[in-house]
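Numbering (this note's numbering), first residue to last: 780 to 958.
In structure tokens:
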């Protein structure tokens, strides 16, 4: 393995090295890269062959649970086409009998963060806001929030070892016990 000079590679600066040489408790901090990091593209992405059969299941789940999502949003999120979404929605897909709605995050077709962002945008466009915060703020077009749950009684104390397995001194006497 060949060594690498971190200063020449742009990972550290000479000033940072000298600062840490003078103070034994200091830790090195990486230098900021001179070239900007490339941004992640939002274009089409490759879906492995094994996961392609899961797309209709994910589409069915999204259509069922989030009807406010547009076909374009579903298409970008899962990486599918609008005709596939339409065929799943109107049940004309060639494999309709075998489609079982499943969460696309669980199937590995998108991340939970991406799904949450798309849902937030879809709800904002539809004018629906869910949850108690929406009711408190008086937002129009929201679903009514469920009434607050009644207060639960205090939990019973945990049983002790003595109450579960009594010792021989305080054990109840049993009739007909043979010693």
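Ideal Cβ placement from N, Cα and C applies to all residues, glycine included.
Beta-carbon proximity check, residue 864 vs residue 898, cutoff 8 angstroms: no
Cβ-based neighbour list, residue 807, same chain, cut-off 8 angstroms, excluding 5 preceding and 5 following: For residue 807, same chain residues with a beta-carbon under 8 angstroms away, outside a window of 5 residues either side, are 791, 795, 796 and 799 in chain order.
Proximity below 8 angstroms, CB of residue 824 to CB of residue 851: no
Residue closest to residue 842, alpha-carbon to alpha-carbon, out of 801, 943 and 878: 878
Other residues of its chain near residue 891: CB distance less than 8 angstroms, five sequence neighbours each side excluded: 884
Rounded straight-line distance, which links the Cα of residue 855 to that of residue 904: About 17 angstroms.
Rounded separation between residue 917 and residue 853 - CA only: Summary for residue 917: the model assigns pLDDT 43, below 50, so the residue's position carries little reliability, and this model does not support an answer.
C-alpha gap between residue 804 and residue 861, whole angstroms: 58 angstroms
Nearest-angstrom Cα separation, counted from residue 847 out to residue 870: Straight-line Cα distance between these residues: approximately 18 angstroms.
Where residue 793 falls: helix, strand or coil (DSSP): helix
Sub-8 angstroms separation of residue 901 and residue 849 beta-carbons: yes
Coarse secondary structure for residue 846, derived from DSSP in three states: coil
Residue 802 vs residue 886 beta-carbon contact at 8 angstroms: no
Residue from 874, 784, 845 and 815 whose Cα sits closest to the Cα of residue 882: 845
Collapsed DSSP secondary structure at residue 783 in the structure displayed: coil
Cβ neighbours of residue 785 in the same chain (closer than 7 angstroms, five flanking residues each side left out): 791
Reduced DSSP secondary structure (H/G/I, E/B, other) of residue 800: helix
Own chain, CB closer than 8 angstroms to residue 813, minus 5 neighbours either side, in chain order: Cβ neighbours of residue 813 within its own chain (closer than 8 angstroms, five residues either side excluded): 789.
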